[in-house]
Amino acid sequence: MLKQETVYIPEAEYIYRVSHRIMEGDCQMDHGPRLAKVGPLEADLYCVTNAMYDQFLKESGYAPVDSAGFLRHWESGRYPDGAEDLPVVYVSQEDAKAYAEFYGKRLPTEEEWQYMAAGPEKYKWPWGNAKNYKFCNVFGENTQPVDSHPEGRSPFGLYNMCGNVWEYTSERLDEVDHSHQFIVLRGGSYYTAHYYWHSESGAMRNNSHLKVHLMGGAMDRYGTVGFRCVKESG
Amino acid sequence: MEGTKQFSVDTGALALELDFEKDHPLRRLVHKAAGTVSNRNRDLFQIRIYGKELGSGDFELAHVFTAEDEMEKLIGAFYTRDEDLLKVRVYFTWNKRREEGGSLRILYQVYDGYKYGVPYDSLIRIPLVSDIEYDGRGKDTLLPPGCQFRNASGKPVIIPMSGKEFSSDIKLPLVLLGGDKKHGYSITFPNYSDLDNAGCVQNQSKFFALMDTEDSVRDGFVRMAPDASFNDTVEIKLSAIDAGWPEAFGRYREDWASEYDFSEYDREDLQWIRETAVHHFLFLYGNEGFDHKTGTFDVDGLLKMGEAFGGFDTVTFWNQYPRLGVDERNQWDFHRDFPGGMEALKAAVEEFHKRGVRVLLPFIPWDRGCEESTRSMGDQFAELIRETDADGYQMDTMSSAPFSFRKKADKVKKGVLLQTQFHPVKNHPVEFITSSWDEYWGHGAMPEADVLRFMLPRHIAPMVSRWQRQEGKQELIQRAIFGGTPIIIWTDVFGRTMLYTEEQKQMIREWKTVYLKYREIFQGGASVPMYPTDREGVYCNLYSDNSGGDIYAIYNERDSAEDSAIELWHAGTRAEVIIGAGRAEITGDRLIVRIPPKQVIQVFTESW
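Sequences listed follow chains A and B, in order. Residue numbers for the first sequence follow our numbering, beginning at -13 and rising by one. Residue numbers for the second sequence follow our numbering, beginning at 3 and rising by one.
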């Protein structure tokens, strides 16, 4: 069973810019470019696994206020056999934040996540500038262990920042008229919906994100979205 | 740098002087390699809204800043106009290591606070795009992004990807060349905009890409749909060009391909399609390949017929449309009810295989019953391959497919070809659908060059046009030779007989020999459509894999024989006409050719 490890992300400044596929409705936030300051951080090497989340539940007694869809893939309060090192999914951004806070951590901001994935040389993909599906779990059948695809690690050594599961960042945004709330996801997942009008999926570039409207309950928990944490270093 | 309003940008290839205290902040642009100074005193933008036309001088310059990191430099200028609740951000960025060839990116973000509470129509014009110059009007040549080349009668020569606006991300650059046709600028519109309706902030990016005449570029006002946030409105990427259209096209292709993983095209088991040239479409209700007296395939009879064309490399069985629909039987039932059943189909495939011919089966996505799902269709898709040992599918009406079809087919047999009727759409389909038809319908098809064929030469797209009569078939063959593509022989079009003349069969026979001999050059990644010639009415496509030999396919649309001098792509030592009746020789750095009227020839030049 994997233990979480952390990687030191030194303090840095970089020109941050994010883009995304433009569909109807767009994405009402500031996409840069701007000079962003990140670090120093201790960043999780892996996404949080089922076993790690299970331990959190036991240690913290956490229970979401609205548990609809919470850990839907678990059976009788327990993750399936053999799934201990798979990334935990069917957790909302709040469920992820609860985990992070319990251990004195937090979710990374968009600026931090992008730097952790792209490094100072601002790679398009965690492993470099050439797209390569062999380095990530995309177009697959299911999630894979969080330490899979070591060849696809980011410049800081972080695993699976492209594919396997989308990852939460800490942002939660109001649209300009405060009529909606949305979050943005990073990295893409193993799952690819096949039709054009489906949401974008598969391998996502380091400098892109996906806007997702919030609704609450089971609608905000997905079988393809997980998370990793960071905390300030020193 | 706070307080400074004057900046010098140096990307290595371009130099730009900016003075944000001026109403026309872009003071000048320098093409560094040539030393050419142009585009003086341009405004950064013009916006039309509320019946006004606003330039940057009508806004307050709120903030100018610079930033730099390990890879990039950035200059940002923020403009506000409080009375209209408008804000504009303009950013200049460039890579310090020249990883983008010294290109300069200029990004616009327009914020509209909806002054009257509701959105009003608004348009933007980018003077650096619409007024772009190199040597000056009258000397420059502008190739609009929506249509770079037209023939004498105004017909577009490079045929774009067809379909809905979101089908393709191939949007060729705007190119502006000076008097020497070598130096100038290329502008692309990197963006992730899919739609061109007014519901998307970036919809005008698509509109830019569709500017298909010089007038529409010069007019330049395009609709935008900002809201009260800083989404990207439009981004332009400006590059200095030193080697004309071929360089601009090649750089664009490189940029486009960098967003893809085309490793599926490297699969060993799928390479066989690259070694084929002449394909046959077999309508099984006719007698071309089926003996109706015995109710059996006539494999030898069909292949004997094919000898006149140089031999069929593949045969596509067609026993579905237009028979489907008389009763409730579906495409899968048709195979089972085929005379002799599935066993007969399997035996026919085996007979073709013994003679070195591959077989494609029809897949009809629209023939889906209520009881069928994408999942069950994919299962049937794979099962039919397992039952017949066929080599792939011709996928009717399709331009995409669920990836599960690929994976399911792989589980039953290696080397199953997915060939869609239309070119695959962007993103994943174009990565895993490695063949499609280059089908066209109209008449007057010369000269035409299919853009995907040059963007992704490894994607094998045989040429087909089902309804062409004698004269049209002549053009079909010419179009295949000019386009450097395989060809599909389809003479029984669902019961309508559309034959070739003996002379045409001979042309195809010769073309097959040439295509297969030089196929690595034809499929080479450095190929360029509309390679420059020095004669109006003489068009050239260049085929090259940058490895020792190039092929120039040259078409003369005039009524008289024409001479043309074509600058060599690579220095050459020997020129040989490999198909057609023209003449060719190398003189210095030029290929001198003579082409008969209305004819296409190909010239092979041996390089270095």
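The beta-carbon is built from N, C-alpha and C at its ideal position, and this holds for glycine as well. Given the structure is predicted, the values throughout are model-derived calculations rather than measurements.
Query	Result
Three-pair Cβ contact test at 8 Å for the region 126 to 134 of chain B versus the region 216 to 235 of chain B	yes
8 Å Cβ cutoff met for B/Trp247 and B/Met532	yes
Residue-chain proximity (B/Met73, chain A), Cβ-Cβ < 8 Å	yes
According to DSSP, residues forming a beta bridge with B/Thr298	B/Asp293
Proximity winner among B/Lys117, B/Thr515, B/Ile588 and B/Ile161, relative to B/Glu608 (alpha-carbon distances)	B/Ile588
8 Å contact criterion, which B/Gly312 and B/Thr493 should meet: CB distance rounded	Not quite, the Cβ-Cβ distance comes to about 15 Å (not below 8 Å), so this is no contact.
Opening and closing residue of the alpha helix (DSSP H) in which B/Gln382 lies	Thr376 to Thr390
The region -5 to 2 of chain A touching the region 15 to 25 of chain A, judged by at least three CB pairs closer than 8 Å	yes
Backbone secondary structure at B/Trp368 - three-state DSSP	coil
Inter-stretch contact (C-beta, 8 Å, three-pair minimum) for the region 85 to 97 of chain A and the region 238 to 254 of chain B	no
Simplified DSSP state of B/Met532, which is helix, strand or coil	strand
Min CB distance A/Leu21 to chain B below 8 Å	yes
Near-chain A residues of the region 427 to 457 of chain B - C-beta to any C-beta below 9 Å	Val427, Asn429, His430, Glu433 and Phe434
Any chain B beta carbon closer than 8 Å to A/Met114	This sequence places Gly at residue 114 of chain A; Met is not what is there. It does not; no Cβ of chain B falls within 8 Å.
Cutoff 8 Å: B/Asp234 Cβ touching any chain A Cβ	yes
Proximal residues, the region 57 to 72 of chain B versus chain A, C-beta separation under 7 Å	Ala69, Asp71 and Glu72
Buried or exposed by the 16-neighbour rule on C-beta atoms within 10 Å, applied to A/His6	buried
Contact residues within the region 134 to 147 of chain A, judged by C-beta distance below 8 Å to chain B	none
Burial state of A/Ala49, where buried means 16 or more other Cβ atoms lie within 10 Å	exposed
Reduced DSSP secondary structure (H/G/I, E/B, other) of B/His572	coil
Per-residue contacts from B/Leu76 into chain A (C-beta, under 7 Å)	Ile1 and Pro19
Three-state secondary structure (DSSP) of B/Met500	coil
Beta-carbon proximity list for A/Asp52, same chain, < 6 Å, skipping 5 on both sides	Gly203
Validate contact between the region 262 to 280 of chain B and the region 141 to 159 of chain B using beta carbons, cut 8 Å, 3 pairs	no
Buried versus exposed, by CB contacts within 10 Å (16 or more), B/Glu504	exposed
Within chain B, partners of A/Phe125 - CB distance below 7 Å	Phe405
Those residues which DSSP pairs with B/Cys542 across a bridge	B/Tyr533 and B/Ile556
Element boundaries [alpha helix (DSSP H), containing B/Arg253]	Gly246 to Ala259
Completely contained alpha helix (DSSP H) runs for the region 329 to 366 of chain B, where each covers 4 or more residues	333 to 339 and 343 to 356
Those runs of the beta strand (DSSP E) which lie wholly inside the region 96 to 156 of chain B and span at least 3 residues	106 to 114, 124 to 127 and 143 to 145
Cα-Cα separation between A/Gln79 and B/Leu109, rounded to whole angstroms	32 Å
CA-to-CA distance, A/Tyr109 to A/Arg191, given in whole angstroms	9 Å
A/Met205 versus B/Tyr323: straight-line alpha-carbon distance, rounded	43 Å
Nearest candidate by alpha-carbon position, reference B/Ile594, set B/His355, B/Ile581, B/Arg576 and B/Gln601	B/Arg576
Interface residues of chain A facing B/Leu197 [CB-CB closer than 8 Å]	Ile8, Met9 and Glu10
B/Ser241 in three-state terms, based on DSSP	strand
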